[in-house]
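Colleague: For what it's worth, our numbering labels the leading residue of the sequence shown as 4, then goes sequentially. Here you go, one structure.
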Amino acid sequence: MQPLRYDRFSVLLHWLMAVLIVGQIALGLWMTGLPKDGSGLRAAWFNVHKSWGMVLGLLIAVRLAWALLRPRVAPPPAARPLQALAAGTHRLLYALMLVMPWSGFFGSVFSGYPIRFFGMPLPKLAERWDSAKELLGSVHQWSAAALMLLIALHVLAFLYHQFIVKDALLQRMRWSGTDRTTP
């Protein structure tokens, strides 16, 4: 039997990650505009961004493991092409949620600068490697742009379901109530 709504832990992970990802994107866009003036302000915000990125990298691993262990929630009724589009979009969202923190982390590893996790220095994992840092920085930026587009598509799909189709899609993500299954 397929559940009709997500369990509480899945809902918690979804909304926690949504808030953190939107915050990380906003912080990433803002901090890159900070001047490199030697005051340490830019470096401090980059370290905050890296720390939350590492948290997100761990959360997406937990979320993927949890998704693989739980029964799949029944998809809302829709035409096959729309269901395929939704499934593909969700897979791509997960892929980008993996690529973003990992490309950022390994780009930092190869930058030659120390990495701090909320102020705590992490061991140096590799020597400075400029071409790897550049490549991973590009992957990080492109995946951020792709993730922003997919988040917008995800929100538009929600609005379509909620206000046009009116299939109570939001009820599947409710915190309260029991996990119901199809008969």
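The beta-carbon is built from N, C-alpha and C at its ideal position, and this holds for glycine as well. The structure displayed is predicted, hence computed values, not measured ones.
Using a Cβ-Cβ cut-off of 7 Å (strictly less than) and excluding sequence neighbours within five positions of H143, which residues of its own chain qualify?
Modeller: If we look at H143 and ignore the five residues flanking it on each side, its Cβ neighbours are M103, S106, G107, G110.
Colleague: Rounded to a whole number of angstroms, what is the C-alpha to C-alpha distance between A77 and R8?
Modeller: If you take the alpha carbons of A77 and R8, they lie about 8 Å apart.
Colleague: Taking DSSP as the reference, what is the three-state secondary structure of P6?
Modeller: P6 falls in the strand class under three-state DSSP.
Colleague: Just to confirm the assignment: which complete alpha helix (DSSP H) runs, minimum length 4, are found wholly within the stretch 33-95?
Modeller: Entirely contained in the stretch 33-95, the alpha helix (DSSP H) runs reaching 4 residues are, in chain order, 44-72.
Colleague: Output the boundary residues of the alpha helix (DSSP H) element that contains M151.
Modeller: Unbroken alpha helix (DSSP H) run through M151: 133-162.
Colleague: Can you grab the Cα-Cα spacing for the pair A87 / L32, in whole Å?
Modeller: Each residue's Cα considered, the two are about 32 Å apart.
Colleague: Alpha carbons only, please: which of F12, F113, A68 is nearest the one belonging to S134?
Modeller: Among F12, F113, A68, the Cα nearest to that of S134 belongs to F113.
Colleague: What is the C-beta distance between L99 and L19, in whole angstroms, given that I count them as a contact (C-beta under 8 Å)?
Modeller: The Cβ separation is near 17 Å, so there is no contact.
Colleague: Excluding sequence positions up to five away, which residues of its chain have a Cβ less than 7 Å from the Cβ of L173?
Modeller: Taken in chain order, the residues that qualify are Q165.
Colleague: If M123 and H17 are in contact, beta carbons under 8 Å, what's the gap, nearest whole angstrom?
Modeller: 28 Å between Cβ atoms; not a contact.
Colleague: Does F121 come out as helix, strand or coil in the three-state DSSP assignment?
Modeller: Three-state DSSP puts F121 in coil, outside helix and strand.
Colleague: For L95 and A21, what's the separation of their Cα atoms in angstroms?
Modeller: Distance between the alpha carbons of L95 and A21 is about 15 Å.
Colleague: Taking just the CA atoms, how far does L125 sit from S54?
Modeller: The straight-line gap from Cα to Cα measures roughly 11 Å.
Colleague: Tell me which residues share the same chain as R45 and place their Cβ nearer than 8 Å to its Cβ, disregarding the 5 neighbours each side in the sequence.
Modeller: If we look at R45 and ignore the five residues flanking it on each side, its Cβ neighbours are M34, L37, P38, K39.
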